[in-house]
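Chains as they are written, first to last, in our numbering: chain A, 8 to 175; chain B, 8 to 175.
Here a beta-carbon is modelled for each residue, glycine too, at the ideal position from N, C-alpha and C.
Structure record follows, encoded as structure tokens.
2 protein chains.
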Amino acid sequence: MQKTSYEGMQCPIARSLERVGEWWSMLILRETLFGFTRFYELEENLGIAPNMLSRRLNALVEAGMLEKCAYTTRPIRYEYKPTDRARDFADVLLALLSFGNRHFAPEGKSVTVIHDETGIEAVPVMVDARTGIPLASPAYRWVAGPLASQSTRERYATDRRLGSSGLA
Amino acid sequence: MQKTSYEGMQCPIARSLERVGEWWSMLILRETLFGFTRFYELEENLGIAPNMLSRRLNALVEAGMLEKCAYTTRPIRYEYKPTDRARDFADVLLALLSFGNRHFAPEGKSVTVIHDETGIEAVPVMVDARTGIPLASPAYRWVAGPLASQSTRERYATDRRLGSSGLA
DNA sequence: CAGTATCCTGTCCGATACTG
DNA sequence: CAGTATCGGACAGGATACTG
């Protein structure tokens with residue numbers, strides 16, 4: 008996760024990773040989204056060293072993912088509230104959760120998402136909100152816009168789809 | 008991304024990151040899903056050093072994300088085909104792409120996903136395939152299963168939902 | 001072309017000690 | 001409690017040279 012490796016990258020995936028790609032950042036974001044916003048809560052829940060926590064929190068504030076708010080004065084104490092941008096990151100966490108449950112949970116799932124009313128476990132999938140169709144299907148194509156680099160545009164000149172098994 | 012930090016972690020998100028959390032791994036997976044499966048293609052497309060590429064490829068094979076297949080003999084040459092597990096990872100990449108486009112694309116989006124028939128840009132969202140309802144909504148709850156650790160179960164004893172703004 | 005071998009640097013991360 | 005300061009280790013990642 009070196010600065011040099013992604014500096015100037017135009018790929019949106021790389022850009023996302025640039026801001027929140029560190030290992031702890033994702034887990035910190037998850038905790039804050041669940042309402043654990045104080046230093047000691049994060050420290051306890053995650054078992055993270057205080058210096059690392061401090062560093063990551065500052066980076067996340069810098070990236071516009073967390074907002075540093077005083078929740079008490081004398082002494083001054085801050086909590087780290089997720090911004091809209093962080094809330095927007097929830098889908099990434101859900102995707103990772105789902106993937107982990109499906110593939111790296113040999114002894115069973117430890118955490119799942121359920122429909123509150125029915126209690127039935129959700130089947131997470133990325134879809135187009137406009138059509139309801141899964142994005143990882145041949146009905147969807149990745150395209151490079153005019154702002155993409157020349158090389159990127161070349162690579163996306165041919166059809167680039169997920170979900171089509173005979174792609175290669 | 009040290010081994011020590013996530014060894015023995017039971018959180019599915021941490022588990023996912025454990026296998027594919029490295030910066031390059033995600034981008035390599037994206038390329039292979041688009042059909043770029045040869046060493047030189049990946050080297051060119053990503054601008055990655057050959058030793059790093061070799062290291063990451065072996066790790067991804069080890070993690071069951073890529074399959075090493077000879078595509079020619081004399082001399083023996085291998086390509087790295089994405090497994091079903093890797094295809095299952097597409098949603099994570101889509102989530103990262105979407106997030107990056109929405110929040111870290113100041114000069115505009117470089118790569119987007121479009122509906123092939125209509126050419127209309129997709130609006131990616133994680134939903135429950137069973138109901139079509141977005142998972143980052145109050146209708147869904149995160150719960151700890153019996154296999155979660157004691158501390159995890161305690162943390163999820165109270166309602167843990169995304170999407171409810173007044174959570175904290 | 002498809003890698004491997006070596007060396008180097010940055011930095012993530014952990015452990016610990018310290019301060020208001 | 002909420003951090004900061006400092007130290008050290010492990011490793012991702014880069015650069016380069018080399019082999020079949």
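Measure from the C-beta of residue i to each C-beta in chain B and report whether the shortest distance is under 8 angstroms.
i: residue 18 of chain A; result: yes
i: residue 62 of chain A; result: no
i: residue 136 of chain A; result: yes
i: residue 130 of chain A; result: yes
i: residue 58 of chain A; result: no
i: residue 68 of chain A; result: no
i: residue 65 of chain A; result: no
i: residue 74 of chain A; result: no
i: residue 111 of chain A; result: yes
i: residue 96 of chain A; result: yes
Let me see if you follow: with CB-CB separation under 8 angstroms, is residue i close to chain A or not?
i: residue 155 of chain B; result: yes
i: residue 117 of chain B; result: yes
i: residue 79 of chain B; result: no
i: residue 104 of chain B; result: yes
i: residue 50 of chain B; result: no
i: residue 22 of chain B; result: yes
i: residue 83 of chain B; result: no
i: residue 148 of chain B; result: yes
i: residue 40 of chain B; result: yes
i: residue 143 of chain B; result: yes
i: residue 120 of chain B; result: yes
i: residue 35 of chain B; result: no
i: residue 164 of chain B; result: no
i: residue 174 of chain B; result: Model confidence at residue 174 of chain B stands at a pLDDT of 41, short of 50, so the residue's coordinates are unreliable; what they give is reported in the following sentence. It does: the Cβ of residue 174 of chain B has a partner Cβ on chain A nearer than 8 angstroms.
Here's the rule: buried if 16 or more other CB atoms are within 10 angstroms of the residue's CB, otherwise exposed. What is residue i?
i: residue 167 of chain B; result: buried
i: residue 158 of chain A; result: exposed
i: residue 91 of chain B; result: exposed
i: residue 79 of chain B; result: exposed
i: residue 126 of chain B; result: exposed
i: residue 165 of chain A; result: exposed
i: residue 139 of chain B; result: exposed
i: residue 65 of chain B; result: exposed
i: residue 147 of chain B; result: buried
i: residue 130 of chain A; result: exposed
i: residue 2 of chain B; result: With chain B covering only 8 through 175, there is no way to say anything about residue 2 of chain B.
i: residue 89 of chain B; result: buried
i: residue 75 of chain A; result: exposed
i: residue 136 of chain A; result: exposed
Report the three-state DSSP secondary structure of residue i (helix, strand or coil).
i: residue 147 of chain A; result: strand
i: residue 142 of chain A; result: coil
i: residue 91 of chain B; result: helix
i: residue 33 of chain A; result: helix
i: residue 133 of chain A; result: strand
i: residue 175 of chain B; result: Below a pLDDT of 50, predicted positions are generally treated as unreliable, and residue 175 of chain B, at 35, falls in that range; the measurement from the model is reported next regardless. DSSP places residue 175 of chain B in coil when its eight states are reduced to three.
Based on the DSSP secondary-structure assignment, which residues constitute the bridge partners of residue i?
i: residue 163 of chain A; result: Answer by DSSP bridge pairing: none, since residue 163 of chain A is not bridged.
Which full runs of the alpha helix (DSSP H) of 4+ residues lie inside the segment 94-124 of chain B, going along the chain? Within the segment 94-124 of chain B, the complete alpha helix (DSSP H) runs of at least 4 residues fall at 97-110.
Please give the ranges of any beta strand (DSSP E) in the segment 14-86 of chain B, keeping only runs that are unbroken, at least 3 residues long and fully inside the region. Correct list: 73-79.
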